[in-house]
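Trainee: Residue numbers (UniProt numbering): 1 to 180. Just so you know, even glycine gets a beta-carbon here, dropped at the ideal spot from N, CA and C.
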Amino acid sequence: MLKAVDSNGFYFYYEVVFKLSYSKLKYAKVTLNNPEMYALEQPAVLGIGTARDMAKLAQLLIEGKLISKPTLNLLNENLITTKDIVTGAHAERGRGTTMEHRLIGHTGLGGQNLRWDEENKLVIAFLSNGLKGGLGDRARTYVRLVETIYDCLPRNGDGNTWTTVDRSRMISARDSIKTS
Numbered sequence: 001m002l003k004a005v006d007s008n009g010f011y012f013y014y015e016v017v018f019k020l021s022y023s024k025l026k027y028a029k030v031t032l033n034n035p036e037m038y039a040l041e042q043p044a045v046l047g048i049g050t051a052r053d054m055a056k057l058a059q060l061l062i063e064g065k066l067i068s069k070p071t072l073n074l075l076n077e078n079l080i081t082t083k084d085i086v087t088g089a090h091a092e093r094g095r096g097t098t099m100e101h102r103l104i105g106h107t108g109l110g111g112q113n114l115r116w117d118e119e120n121k122l123v124i125a126f127l128s129n130g131l132k133g134g135l136g137d138r139a140r141t142y143v144r145l146v147e148t149i150y151d152c153l154p155r156n157g158d159g160n161t162w163t164t165v166d167r168s169r170m171i172s173a174r175d176s177i178k179t180s
């Protein structure tokens, strides 16, 4: 790896192996929809699956079939609650996960999300076929999907609230992405 420092003192890494792997391709133009590109084994960006596959993965997690319950509890633990310095949004983060409205999981490029809500026994897997407006859990399509899903859940005895979802935060998330 090569290391460079910008004027603010931030480190940027450029992985030589990644660049060399591109040089092995036979094409002048490299697209992501290319079997040779998928063969480069870059799991952070080249995962291939369906929303159903992702939902099954999360279901196996929360059932304790992939990891133990104590380990899952560590994933579900909120470690940091702060304002994100890049987006300015309220951010709750754990060990490799983010939290929103008791939904725990992680976002992907273009508003894609894999989240689980253990108390409501719910898994939401949202994969898009293109980049959606908004960052992470603020992507417009994802916010509307989550609101609709929770609207379908049975209500508590008072008839107004879901089991654990803080609707005021959900509405706040929706309002923060409205365009003029």
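1. If you follow the alpha helix (DSSP H) that L145 is in, where does it begin and where does it stop?
2. So A51 is in the alpha helix (DSSP H); what residue range does that whole segment cover?
3. Report buried or exposed for T71, applying the criterion of at least 16 other Cβ atoms within 10 angstroms of its Cβ.
4. Measuring only the C-alpha atoms, how far is Q112 from K121?
5. Residues in its own chain within less than 8 Å of L66 by CB, not counting five upstream and five downstream?
6. Restricting to Cα atoms, I'd like to know which of A125, C152, L153 and P154 is closest to T141.
7. Measuring straight from C-alpha to C-alpha, what distance separates R102 and P154?
8. Once DSSP output is grouped into helix, strand and coil, what is the label at G105?
9. Out of curiosity, what's the CA-to-CA distance linking G64 and P35?
10. For K69, does the three-state DSSP call read helix, strand or coil?
11. For V123, tell me which candidate among V146, N129 and G130 has the shortest Cα-Cα distance.
Mentor: So, to answer that:
1. From DSSP, the alpha helix (DSSP H) with L145 extends over R140 to C152.
2. Looking at the DSSP string, the run of the alpha helix (DSSP H) that includes A51 is A51 to I62.
3. Exposed, since its Cβ has fewer than 16 Cβ neighbours within 10 Å.
4. C-alpha separation (whole angstroms): 20 Å.
5. Closer than 8 Å at the Cβ level, and outside the excluded window around L66, lie L57 and L60.
6. Residue nearest to T141 within the set A125, C152, L153 and P154 is A125 (criterion: CA-CA distance).
7. In this structure, the CA atom of R102 is about 16 Å from the CA atom of P154.
8. G105: strand per DSSP, three-state reduction.
9. Between G64 and P35, the C-alpha separation is close to 34 Å.
10. If DSSP states are grouped into helix, strand and coil, K69 belongs with the helices.
11. The option with the nearest alpha carbon to V123 is V146.
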